[in-house]
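Mapping of the sequence shown onto mature numbering (1 follows the signal peptide of the UniProt record, and there is no 0): residues -24 to -1, 1 to 762, in sequence order. Glycine is no exception: its CB is placed at the ideal position from the N, C-alpha and C atoms.
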Amino acid sequence: MASLRMGLLSGITTILYGSSIVAANDLSNDSDLLKYVDPLIGTAKGGHVFAGATLPYGMAKAVADTAGENQAGFAYDTEVVTGFSHMHDDGTGGSPSMGNFPIFVQANCPQDDLNQCKWQQSDRASAWDKKSVEARPGYFGISLANGVHAEMTATNRSALYRFSFTNTSEALSPLILLDLMDLPQSRENGTASVDPETGRLTGSGVFAPSFGIGTYKSHVCVDLKGADLRDTGIWAKNKTNSARKTLEIGKNLNSRTSAGSFVRLKAPKGDNILARVGVSFISVQQACSNAEREQPDWDFEGTVSAAESAWKKKLKVVSVDASGVSSDLQTIFWSGLYRTMLSPQDYTGENPLWKSDEPYYDSFYCIWDSFRSIHPLLTLVDPQSQSLMIRSLIDTYRHEGYLPDCRMSLCKGNTQGGSNADVVIADGYLKKIPGVDWDTAYEAVVKDAEVEPPNWDVEGRGGLKSWKNLGYIPYQDQDTDGKGTHTRSVSRTVEYAYNDFCIAEMAQGMGLKADQEKYTKRSGNWAHVFKADQKSSIKGVDTGFTGYLQPRFMNGTWAYQDPIFCSPLLNFDSCYLNPDGHETYEGSAWMYTFYAPHDMGSLIKTLGGAEAFTSRLSYLHSSGLLYVGDEQAFLPVYQFHYAGRPGLSANQSHFYIPSQFNTTVNGLAGNDDSGAMGSFIVLSMMGVWPVAGQDVYLITPPYFKEVSIRNDLTGNVFTIRNINFDPSYKSIFIQSAKWNGKPWTKNWFAHKFFTEGGVLELELGPKESEWGTHREDLPPSLSEYE
């Protein structure tokens, strides 16, 4: 669900690859890890990165909310802060997400008059100081022009804020308000209260998800410390009432109108005021108990330290020898790994929809974005958490009837392509993720393939009758079994084909031969939308290649979509979930023609053989047709491996990193999509590209002299070591390889390398070699290579 933007910075390659190379110590030292994490990368130009304080997969995510393009709350290319809220998502490409119940602080009310304080969100907005922002794992700080300096940290279900005051022209009498608002301004109704004895602020509200259907209810509990109470009350719009302590609002109050409760304090007894905020999807009482349990001591520095320790523990399973590598490249790498662990979010114990002993994770945002790289990376660096996430997906199937393809805020999210939770589950099955009920998992993926849901916009697959009878999703399909958006027939066809292949792999492992044969056959359906004589031109000039995926009517005749449509070269932003006008999703038929990762032997033959395939794939990258800010562009970076040219994959990787990924606030090619861009960076720089849904990793040289990953399940360590490592990256071509001292000629390896541990040595040179180029060295394919 990536946003469509380019926004490249000129000269960045020289900055990162040039002569100013900084020597660095081995980052296996815990104390060094976090200094290379910059949460502000990607907070501008549509990156939508969450910059605030949180724990790995934490539900509480505290940050300053800015006005503007604020999908994750804070955006660097904005001017004013409107509040501080406690739950967010990272990198979403739809509308803003959550940001429920912001609090806002004012040092005093002008002339000590409550009515002269600022209440409505747009009125109270305060400019923020660009130089004041400090963001690091577990901490966020910012200074406002209204004299408030705000700092925040977080535990799993609560946030702790510290407010201090400067440059106040009148006596301090701080006002803290709680607003029944959310970032997308979707509130349907809400209740706010204040306890006049303790100053505890509480709230509940019903809100809408940012990229799905339905509503969810959320709750908050705010306690204050550091000053005595002066008065309390409720407010709506710009009117206050100190006599009333509870406010109820419904649809009669516009969702864009601020309203809530407030506390006014006497002058602080010390240097600051603390606000402890608990959040819950169950009840106000649980929100309060979450904060009381997780923050009993109101210890700001201790909470920051605990968050830092939690992040170090997660990140230190990876270590690198970064000798000679620029600090910028190290920052890109570690910041990417950090962002990969922001979501999905652990809501276990906070799901009001069903009772279960299984974990519940949310903010799968969306699996269409995450199956290619986020979940495969977590399988490497955090398999225990990946197990919990897969179990959560399966438990959602048990209670909702289908695996989610997108899920946020307890709601069903929009399906963008195939039923790609199938790929995540098959990937976990093949790599032996522990603790999973694989029988129920298989039942779930088969239901995706066989039973069309009533609304396939939010789960399962649509057009299954045509899929089974015709072998493709038709253009203008007359589907009557369910309802959904009848677009994307080409991209859905190739995704459904791969989803079926993933089911076939599970069937093979489970000894279900008939199912294996059935779904393997259906996985070949991608070829049914390949039009062999279709040509393509750019600005009237023939590209020189023939044969592309094209939409097809139910009677077998062909419709037409320009192969470059929805690329950066033609109507770039036309292929979203809009109800008509396109048969591919967030990308062109030119790009989707390369998507048959299970049968690359057949695809390469279809496209004219290895040499023609290589030429066409190179053209995809060099012509401007490919936008690496969308996740479908990731695998094409490495598909040269299948044509026996692994060196070209390495070369292409170095083209995109760092030219389109850097350390600036607009340093991402697209929005982060819950860490998808981060995972692309990390896997690319580690030199292991997973073909999601298969037990296959494509080998390229790491961007470091050495990379090691400790498997938390086995304790074994897998190391990739570059021989003749060149930090100027002129020698990026593998000349030969050894696995545990023995020659290794294949340009790929299996997951057992990670579980068993060992050393893969790659000897590098400045030119391509014969390593990994022979037919027997190529990755697996259903059809043989020519």
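Item                                                                                                                                               : Value
Report the three-state DSSP secondary structure of Thr279 (helix, strand or coil).                                                                 : helix
In the DSSP output, what is Ser194 paired with across the bridge?                                                                                  : Gly181
Compare the C-beta of Ser194 with all C-beta atoms of chain B and state if any pair is closer than 9 Å.                                            : No chain B is present in this structure, which holds just one protein chain.
Could you give the DSSP three-state label for Thr519: helix, strand or coil?                                                                       : strand
Which partner residues does Trp715 have in the DSSP bridge list?                                                                                   : Lys718, Leu736
Do you know how far the Cα of Ile479 is from the Cα of Thr519?                                                                                     : 36 Å
Across which residues does DSSP place Ser169 in a beta bridge pair?                                                                                : Thr178, Thr222
Helix or strand or just coil, what does DSSP make of Ile409?                                                                                       : coil
Is there contact here, the segment 554 to 574 with the segment 519 to 531, by at least three beta-carbon pairs under 8 Å?                          : yes
Using three-state DSSP, classify Asp457 as helix, strand or coil.                                                                                  : coil
List the residues that DSSP assigns as beta-bridge partners of Gly42.                                                                              : In the sequence as displayed, the identity of residue 42 is Thr instead of Gly. Looking at the DSSP assignment, Thr42 forms a beta bridge with Val57.
Assuming Leu364 and Ala420 form a contact by the criterion Cβ under 8 Å, report the distance between their Cβ atoms to the nearest whole angstrom. : Contact flag wrong, Cβ pair sits at about 16 Å.
Count the other CB atoms within 10 Å of the CB of Glu426; is the residue buried (16 or more) or exposed (fewer)?                                   : exposed
For Asp413, tell me which candidate among Gln492, Ser513, Ser759, Pro335 has the shortest Cα-Cα distance.                                          : Pro335
Taking the alpha carbon of Gly236 as the point to measure from, which residue in Asp247, Thr191, Ser169, Val294 has its own alpha carbon closest?  : Ser169
Can you have a look at Ala121 and say buried or exposed, based on whether 16 or more other CB atoms are within 10 angstroms of its CB?             : exposed
Measure the C-alpha to C-alpha separation of Lys728 and Pro678 and round it to an integer number of angstroms.                                     : 19 Å
With DSSP collapsed to three states, give me the class of Ala668.                                                                                  : coil
Would Glu587 be called buried (16 or more neighbouring beta carbons within 10 Å of its own) or exposed?                                            : exposed
Please classify Tyr536 as buried or exposed, where buried requires at least 16 other C-beta atoms within 10 Å of its C-beta.                       : exposed
In the DSSP assignment, what residue or residues form a beta bridge with Arg697?                                                                   : Glu682, Glu737
Which partner residues does Trp534 have in the DSSP bridge list?                                                                                   : Arg528
Which runs of the alpha helix (DSSP H) spanning at least 4 residues fall entirely within the segment 297 to 352, listed in chain order?            : 303 to 316, 343 to 346
Taking buried to mean at least 16 other C-beta atoms within 10 Å of its own C-beta, is Ala100 buried or exposed?                                   : Before going further, note that residue 100 is Arg rather than Ala in the sequence given. Buried, by the Cβ-count rule.
Taking all protein chains shown into account, decide if Lys507 is buried (16 or more other Cβ within 10 angstroms of its Cβ) or exposed.           : buried
Assign Arg437 to buried or exposed, taking buried as 16 or more other Cβ atoms, counted over all protein chains shown, within 10 Å of its Cβ.      : buried
So does the segment 191 to 202 actually touch the segment 246 to 254, counting three or more Cβ pairs closer than 8 Å?                             : yes
Just verifying my parser: in three-state terms, what is the DSSP assignment at Ile210?                                                             : strand
Cβ of Gly67 within 9 Å of Cβ of Met661?                                                                                                            : no
Whole angstroms are fine: how far does the CA of Thr216 sit from the CA of Leu90?                                                                  : 7 Å
By how many angstroms is the C-alpha of Phe77 removed from the C-alpha of Asn230?                                                                  : 16 Å
Round the Cβ separation of Ser598 and Ile514 to the nearest angstrom and send it over; I've been treating them as touching at under 8 Å.           : 12 Å between Cβ atoms; not a contact.
If I follow the unbroken alpha helix (DSSP H) through Met365, where does it start and stop?                                                        : 359 to 376
Hey, how far is the Cα of Asp14 from the Cα of Ile118?                                                                                             : 15 Å
Using the beta-carbon count (16 or more within 10 Å), is Trp443 buried or exposed?                                                                 : buried
Does Tyr(-8) pass the burial test, meaning 16 or more other C-beta atoms within 10 Å, or should it be called exposed?                              : Low per-residue confidence applies at Tyr(-8): pLDDT is 41, beneath 50, and the placement is therefore not dependable, though the value from the model is reported in the following sentence. Flag for Tyr(-8) reads buried.
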